[in-house]
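Residue numbers for the sequence shown follow my numbering, beginning at 976 and rising by one.
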Amino acid sequence: MSDSVIVTDRAAKRIAEILADEAAANAFRISVEGGGCSGFQYKFDLVPGAADDDLVLEREGAKVVIDQVSLGFLSGSEIDFVDDLMGAFFRVNNPQATASCGCGTSFSI
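The following block contains the structure:
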């Protein structure tokens, strides 16, 4: 399985817009935490920068950082931004997830 994480054009554009409005943050952190209705959940934060061991993805003015522990859960994933009738949100298309809940932020492996 590839360690790569892909940030789509839509997600990069939205992240760049968010970061442009935040003076205290210059990176968008994606992490995985225990919890949620399926065992793990995705967490999105605005942070001032990357840690020394973070994976840093830069695309179209967007800077995404992922810690090494979360990277193990996100390996091979695609980060997308969806804006439809259900609302606007970041979606993680994770090939490792064996189940997810209706909210789309909780999953199991």
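In this text, a Cβ means the ideal position worked out from N, Cα and C, and glycines have one as well.
- In this structure V1044 is not in contact with V1031, their Cβ atoms being roughly 16 Å apart against a cut-off of 8 Å.
- Counting the other Cβ atoms within 10 Å of the Cβ of L1060 gives fewer than 16, which makes it exposed.
- Here DSSP, grouped into helix, strand and coil, assigns S1045 to helix.
- Note on S1052: 16 or more other CB atoms within 10 angstroms of its CB, so buried under the neighbour-count rule.
- Between the C-alpha atoms of D984 and E1035 there is a straight-line separation of about 8 Å.
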